[in-house]
Amino acid sequence: MEKEGSVFRCFKTRSGLILPEFDKWRPAIRERYLLHAHHSSRGRLHESESSADALNNQLIELRAKYNAITKLRDSELARSASKARKEVKGRGMELIQGAIRFIQTEKVKSDLESDIKEHESNLILLDQIHDDDFSEVKERSELASSLSEKKNRLAALPASSFNPQDFAEFFTESPPLSESGLDWAGPSETEGVVLSEVPAAPKVIPGDVCTAVNEQGTSPEQVPAKEADGNPTTEVEVEVPADP
Numbered sequence: 001m002e003k004e005g006s007v008f009r010c011f012k013t014r015s016g017l018i019l020p021e022f023d024k025w026r027p028a029i030r031e032r033y034l035l036h037a038h039h040s041s042r043g044r045l046h047e048s049e050s051s052a053d054a055l056n057n058q059l060i061e062l063r064a065k066y067n068a069i070t071k072l073r074d075s076e077l078a079r080s081a082s083k084a085r086k087e088v089k090g091r092g093m094e095l096i097q098g099a100i101r102f103i104q105t106e107k108v109k110s111d112l113e114s115d116i117k118e119h120e121s122n123l124i125l126l127d128q129i130h131d132d133d134f135s136e137v138k139e140r141s142e143l144a145s146s147l148s149e150k151k152n153r154l155a156a157l158p159a160s161s162f163n164p165q166d167f168a169e170f171f172t173e174s175p176p177l178s179e180s181g182l183d184w185a186g187p188s189e190t191e192g193v194v195l196s197e198v199p200a201a202p203k204v205i206p207g208d209v210c211t212a213v214n215e216q217g218t219s220p221e222q223v224p225a226k227e228a229d230g231n232p233t234t235e236v237e238v239e240v241p242a243d244p
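The sequence shown finishes on residue 244 if you use this note's numbering, and the numbering steps up by one all the way, no holes.
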């Protein structure tokens, strides 16, 4: 083929001659020319097909890499979103539990403080009674014991680290659930939550702890006493034995 090509090139580049039309070429020369053109075209076609196959393989490889990168990115985004949702859910539930514990603790604290003030008022009333026949040893002992117990319970209440401002900012600045995709308030998240128990408010001792019983008769007397902090007066009904 190389020989035919060389002959053809020599034939084409021959100087001083005008080549006849292709139809008037000798059959042997025309056949050689067509054969050379055919083989050249086949060679170029083969090279083009090889290049196309190589490019197709590269395209398949690039698509596989792209799909792998896309899956990796999606998995990373899913993990990040899941982690963020868990953090937001945990923070929200922590704030809710803190708010509930804070409210319960404040209620118990308020009840204990009210009971302490009432016991102190009753002790003051006992000090103000100057009847020789009135026995106040038992009542004073019970009041002092109950007062000491309530003060100890008040001092033993756990200190709450709950900050209402953090609670307000979290639930005010958070986007709506429809936009954030977070359903932390659903039943599936709150079913397993166990709130810490706060001691219940103690029962208030009845107001007739200072009542003395007289076998012959009674004479009720209401003695108002003002509390030290300026709260409304508490009236305790005290029965004093009448003179025979």
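Ideal placement from N, C-alpha and C gives every residue a C-beta, glycine not left out. As the structure is a computational prediction, the values presented were derived from the model and not from experiment.
Reduced DSSP secondary structure (H/G/I, E/B, other) of residue i
{"i": "ASN122", "result": "helix"}
{"i": "ASN325", "result": "In the structure as shown, the chain starts at 1 and stops at 244, and residue 325 therefore has no counterpart that could be examined."}
{"i": "ILE103", "result": "helix"}
{"i": "ILE129", "result": "coil"}
{"i": "PRO27", "result": "helix"}
{"i": "LEU62", "result": "helix"}
{"i": "GLY186", "result": "Model confidence at GLY186 stands at a pLDDT of 46, short of 50, so the residue's coordinates are unreliable; what they give is reported in the following sentence. Coil, per DSSP."}
{"i": "GLU149", "result": "helix"}
{"i": "LEU157", "result": "coil"}
{"i": "LEU177", "result": "Its pLDDT being 47, under 50, LEU177 is placed unreliably in this model, and the value from its coordinates should be taken loosely. If DSSP states are grouped into helix, strand and coil, LEU177 belongs with the helices."}
C-alpha distance - residue i paired with residue j, whole-angstrom precision
{"i": "SER82", "j": "GLU113", "result": "46 Å"}
{"i": "SER41", "j": "LYS65", "result": "36 Å"}
{"i": "SER219", "j": "LEU157", "result": "Residue placement at SER219 cannot be trusted, given a pLDDT of 40 that sits under 50; what the coordinates show is reported in the next sentence. If you take the alpha carbons of SER219 and LEU157, they lie about 42 Å apart."}
{"i": "GLY124", "j": "GLU94", "result": "Note that residue 124 corresponds to Ile in the displayed sequence, not to Gly. Using only the alpha carbons, I get a separation of about 44 Å."}
{"i": "SER80", "j": "LYS71", "result": "14 Å"}
{"i": "ILE37", "j": "ASN57", "result": "Sequence check: residue 37 is Ala here, not Ile. Taking the straight line joining both Cα atoms gives about 30 Å."}
{"i": "ILE60", "j": "GLU76", "result": "24 Å"}
{"i": "ARG63", "j": "ILE69", "result": "10 Å"}
{"i": "ALA78", "j": "PHE170", "result": "23 Å"}
{"i": "GLY43", "j": "LEU55", "result": "18 Å"}
{"i": "ASP111", "j": "ASP127", "result": "24 Å"}
{"i": "ALA159", "j": "ILE129", "result": "39 Å"}
{"i": "VAL108", "j": "ASP74", "result": "50 Å"}
{"i": "GLU49", "j": "TYR33", "result": "24 Å"}
{"i": "LEU45", "j": "GLU31", "result": "21 Å"}
{"i": "ALA155", "j": "PHE102", "result": "16 Å"}
{"i": "LEU35", "j": "PRO27", "result": "12 Å"}
{"i": "ALA52", "j": "ASN67", "result": "22 Å"}
{"i": "ALA168", "j": "THR105", "result": "19 Å"}
{"i": "PRO206", "j": "ALA84", "result": "Interpretation of PRO206 is limited by its pLDDT of 41, a score under 50 that renders its predicted location unreliable; the figure taken from the coordinates is listed afterwards. Between PRO206 and ALA84, the C-alpha separation is close to 54 Å."}
{"i": "HIS39", "j": "GLU47", "result": "12 Å"}
Member of the options whose CA lies at the smallest distance from the CA of residue i
{"i": "GLU139", "options": "ALA155, GLN128 and ASN122", "result": "ASN122"}
{"i": "THR172", "options": "SER50, SER51, GLY92 and LEU55", "result": "GLY92"}
{"i": "GLU142", "options": "ALA155, HIS119, ILE129 and ASP127", "result": "HIS119"}
{"i": "ALA144", "options": "ARG32, ASP115 and PHE167", "result": "ASP115"}
{"i": "LYS117", "options": "LEU147, PHE102 and THR105", "result": "LEU147"}
*Segment contact flag, the stretch 93-103 with the stretch 155-171, C-beta cutoff 8 Å, min 3 pairs*: The way I'd put it, the stretch 93-103 does touch the stretch 155-171; three or more beta-carbon pairs between them come closer than 8 Å.
*Assess, as a yes-or-no matter, whether the stretch 85-94 is touched by the stretch 151-159 under the definition of 3 or more beta carbon pairs within less than 8 Å.*
no
*Go through the stretch 34-93 residue by residue and report every complete run of the alpha helix (DSSP H) that reaches 4 residues or more, in order.*
none
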